[in-house]
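Single-structure report; data block below.
Chains as they are written, first to last, in my numbering: chain A, 438 to 725; chain B, 53 to 268.
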């Protein structure tokens, strides 16, 4: 399958933080959830990917084009939505549409107006009078009005109430019905990612811990609460991490189905993304 | 480029606070002239004020962009950093040109043909001096605001303006402002023009470098 993003050994160094040797490929038509604790490097990765900040890499391609040489052509087909709107609050959607029609050569003003109607956003009202949910919907209306093939969301659903978040997720789902559309979404609200992600990328302390299909994480991985006897009887290759509790162990395993076949009465819980993330990031966890 | 220019001019002149500032600024400009019509006032208004207010579009847009953190989104647009810088600098030159036609020329023409305390050659010389000073001050102010941002840039602007005003006062009391009119048009065009060209080229590259460093 064709890749929409190809990154090889991306590095970004700050005085007190390093994003190191990030290598990943995102296939066209997929929804990739980017997770990690605060300060893990998610936003740094996104900004490096977009060329907003300088970084070094062996390869950084989007839509098969090199970001260093084809930045303008790449950005025509990318839409980025941050956690808050960065337009002057004195602007109205009407003015923003007028402005962006001169920025994007592929801007579709008619489509923009249709999205404003669909999202029930007033055309001439200044965005300082919009609610947070309305501002996010405006960002989506903007994103969809220049035929963007890659949608990048950096904590775009944070601060929204559950109803607004659900609406936004529906919008994203509809966007991805077209196989040419891809989404990279960074979020702390892992329950949102549980609902829409095809892949999960986990960044921890500037390093890529894993990139796996969501279904694989849900089907193959499991959490077992057990004593030392059971821990010793597990195949070491199946054990991903061990956390010592007061009187037992919490074990993150892969090959959940095989283990269940052997230990039929054993309760193996399917982990959520949040549980996996907590497991990887918690102190006292011995990763195997 | 046009989209960014539209945004910046809208912020500079359609924002209510800025619009009121502009209106009263222009009003003060004409009131001063008509209240005290003299060669000195014409030189003060045309040769000092215009060069210093020409940076306004850049200052207003930087102020608004800092509030909304627009810089975070502008770099995701299909526009290069070079084009962003060129657009912002061009806005100040366009504004200077507009000021020349709406403020400087009417004042000078009124002084030459209305009040008649200025002859045509002196009027033309004053306009040339104004253009030279504008082209000298613009790159300095532009680079200063790009590097320092709105708050510190404004402090820098006030300091430069103070030096300008002090210089003008010293020139007026020590030597006489008319000395500026004793320098020939061709000398202004040659030496002043050369300095303006050098500063504008240096200013452009400085702004480009500053913008690149601030957004990397």
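All C-beta atoms, glycine included, are put in the ideal place defined by N, C-alpha and C. Predicted, not measured: the structure shown is a model, and the values here were computed from it.
Report task. Please check if any C-beta of chain A sits within less than 8 angstroms of the C-beta of residue 108 of chain B. Result -> Walking along the second chain from the start, residue 108 of chain B turns up at place 56. Taking 8 angstroms as the threshold, the shortest C-beta distance from residue 108 of chain B to chain A does not fall below it.
Worksheet entry | Neighbour flag for residue 55 of chain B against chain A, beta carbons, 8 angstroms | The residue you call residue 55 of chain B lines up with position 3 of the second chain. Residue-level contact check: residue 55 of chain B touches chain A, since one or more beta carbons of chain A fall below 8 angstroms from its beta carbon.
Problem set entry | Residues in the segment 113-127 of chain B having any Cβ partner in chain A nearer than 9 angstroms | Cβ contacts with chain A: 116, 117, 119, 120, 121, 122, 123, 124, 125, 126, 127.
*Which same chain residues, not among the five before or five after residue 182 of chain B, have their C-beta less than 8 angstroms away from its C-beta?*
Here residue 182 of chain B refers to the residue found at position 130 when the second chain is read from its first residue. Cβ neighbours of residue 182 of chain B beyond the five flanking positions: 98, 99, 102, 103, 152, 156.
For the beta strand (DSSP E) containing residue 591 of chain A, list its first residue and its last residue. In the first chain, the residue the question calls residue 591 of chain A occupies position 154. Element bounds for residue 591 of chain A: 587-591.
> From which residue to which residue does the beta strand (DSSP E) around residue 659 of chain A run?
Replying inline: The residue labelled residue 659 of chain A in the question sits at position 222 within the first chain. Where residue 659 of chain A is concerned, the enclosing beta strand (DSSP E) stretches over 659-663.
- Item | Residue of A:625, A:634, A:660 minimising C-alpha distance to residue 649 of chain A | Here residue 649 of chain A refers to the residue found at position 212 when the first chain is read from its first residue. The shortest Cα separation from residue 649 of chain A among A:625, A:634, A:660 belongs to A:634.
Checklist entry - Taking only beta-carbon atoms, is residue 132 of chain B less than 8 angstroms away from chain A? => result By 1-based counting over the second chain, the position of residue 132 of chain B is 80. Residue 132 of chain B counts as touching chain A.
Can you say whether residue 708 of chain A is buried or exposed, counting buried as having 16 or more other CB atoms within 10 angstroms of its CB? Here the question's residue 708 of chain A lines up with position 271 in the first chain. Around the beta-carbon of residue 708 of chain A, 16 or more other beta-carbon atoms lie within 10 Å, marking it buried.
Open item on the list: Is there a C-beta anywhere in chain A that falls below 8 angstroms from the one on residue 194 of chain B?
Closed with: Locating residue 194 of chain B in the second chain gives position 142, where the first residue counts as 1. Judged by the 8 angstroms Cβ criterion, residue 194 of chain B is not in contact with chain A.
query = What residues from chain B crowd round residue 526 of chain A, counting only those whose CB sits closer than 9 angstroms?
reply = Counting from one through the first chain, the residue named residue 526 of chain A turns up at place 89. 119, 120, listed in chain order.
So, using beta-carbon positions, are residue 482 of chain A and residue 640 of chain A closer together than 8 angstroms? As a first step, residue 482 of chain A is located in the first chain; it is residue number 45 there, counting from the start. As a first step, residue 640 of chain A is located in the first chain; it is residue number 203 there, counting from the start. Taking 8 angstroms as the Cβ cut-off, residue 482 of chain A and residue 640 of chain A qualify as a contacting pair.
Let me check understanding here. Comparing Cα to Cα, which of A:592, A:693, A:560 lies closest to residue 657 of chain A? Indexing the first chain from 1 puts residue 657 of chain A at position 220. Among A:592, A:693, A:560, the Cα nearest to that of residue 657 of chain A is on A:693.
From which residue to which residue does the alpha helix (DSSP H) around residue 650 of chain A run? Your numbering for residue 650 of chain A matches position 213 in the first chain. Per DSSP, residue 650 of chain A is not a residue of any alpha helix (DSSP H); the beta strand (DSSP E) it occupies stretches across 644-650.
Under 9 angstroms between beta-carbons, which chain B residues line up against residue 541 of chain A? List them in chain order, please. By 1-based counting over the first chain, the position of residue 541 of chain A is 104. Here the neighbours are 55, 129, 130.
- Between residue 89 of chain B and residue 513 of chain A, is the Cβ-Cβ spacing less than 8 angstroms? As a first step, residue 89 of chain B is located in the second chain; it is residue number 37 there, counting from the start. As a first step, residue 513 of chain A is located in the first chain; it is residue number 76 there, counting from the start. 8 angstroms or more divides the Cβ of residue 89 of chain B from the Cβ of residue 513 of chain A.
Does any residue of chain B bring its CB to less than 8 angstroms from the CB of residue 471 of chain A?
Here residue 471 of chain A refers to the residue found at position 34 when the first chain is read from its first residue. The Cβ of residue 471 of chain A sits no closer than 8 angstroms to any Cβ of chain B.
Which chain B residues sit within Cβ distance under 7 angstroms of residue 532 of chain A? On the first chain, residue 532 of chain A is found 95 positions in, with the first residue counted as 1. Ordered by position in chain B, the residues that pass the 7 angstroms Cβ test against residue 532 of chain A are 62.
Excluding five sequence neighbours on each side, which residues of the same chain lie with their C-beta closer than 7 angstroms to the C-beta of residue 194 of chain B? By 1-based counting over the second chain, the position of residue 194 of chain B is 142. Only 107, 110, 141, 144, 255, 259 meet the Cβ criterion.
Check your understanding: Around the Cβ of residue 191 of chain B, are there at least 16 other Cβ atoms within 10 angstroms (buried) or fewer (exposed)?
Key -> Here residue 191 of chain B is taken as the residue at index 139 of the second chain, counted from 1. The residue in question, residue 191 of chain B, is buried, as its Cβ has 16 or more Cβ neighbours within 10 Å.
Next item on the list: State the start and end residues of the unbroken beta strand (DSSP E) segment that holds residue 689 of chain A.
Entry: The residue you call residue 689 of chain A lines up with position 252 of the first chain. Here the beta strand (DSSP E) through residue 689 of chain A covers 686-690.
Item to complete: Could you check if residue 266 of chain B is buried or exposed, using at least 16 other CB atoms within 10 Å of its CB as the buried criterion?
Response: Residue mapping note: residue 266 of chain B aligns to position 214 of the second chain, counting from 1. With fewer than 16 Cβ atoms within 10 Å of its Cβ, residue 266 of chain B is classed as exposed.
Please identify the residue among A:629, A:687, A:449 whose C-alpha is closest to the C-alpha of residue 676 of chain A.
Locating residue 676 of chain A in the first chain gives position 239, counting from the first residue. With distances taken between Cα atoms, residue 676 of chain A lies closest to A:687.
- Proximal chain A residues relative to residue 268 of chain B, where beta-carbon distance stays under 8 angstroms: Residue mapping note: residue 268 of chain B aligns to position 216 of the second chain, counting from 1. The answer, in chain order, is 490, 491.
Against residue 252 of chain B, what residues of chain A qualify as contacts under a CB-to-CB distance less than 8 angstroms, listed in chain order?
Residue mapping note: residue 252 of chain B aligns to position 200 of the second chain, counting from 1. Taking a Cβ-Cβ cut-off of 8 angstroms, residue 252 of chain B has no neighbours in chain A, whose nearest Cβ is about 26 angstroms from it.
So who's on the other strand from residue 183 of chain B, going by DSSP bridges?
For the purposes of this step, residue 183 of chain B is taken as residue 131 along the second chain, with counting starting at 1. Looking at the DSSP assignment, residue 183 of chain B forms no beta bridge with any residue, so it has no partner.
- Same chain only: Cβ atoms within 8 angstroms of residue 591 of chain A, ignoring 5 sequence neighbours per side: Start at 1 with the first residue of the first chain, and residue 591 of chain A comes out as number 154. Hits under 8 angstroms: 479, 480, 483, 517, 518, 519, 520, 623.
Is residue 67 of chain B close to chain A? Criterion is C-beta to C-beta, closer than 8 angstroms. As a working note, residue 67 of chain B is residue 15 in the second chain. For residue 67 of chain B, the nearest CB of chain A lies under 8 angstroms from its own CB, placing it at the interface with that chain.
| said: Residues of chain A with CB closer than 7 angstroms to the CB of residue 59 of chain B, please, in chain order. | reply: By 1-based counting over the second chain, the position of residue 59 of chain B is 7. Those within 7 angstroms of residue 59 of chain B in chain A are 536.
query = Which residue or residues does DSSP assign as beta-bridge partners of residue 113 of chain B?
reply = Taking the second chain and counting its residues from 1, the one referred to as residue 113 of chain B is at position 61. Beta-bridge pairing by DSSP links residue 113 of chain B to no other residue.
Exercise. Using a Cβ cut-off of 8 angstroms, pull out every chain B residue sitting near residue 454 of chain A, in sequence order please.
Key: To locate residue 454 of chain A, count along the first chain from 1; it is residue 17. Simply none; closest approach about 15 angstroms.
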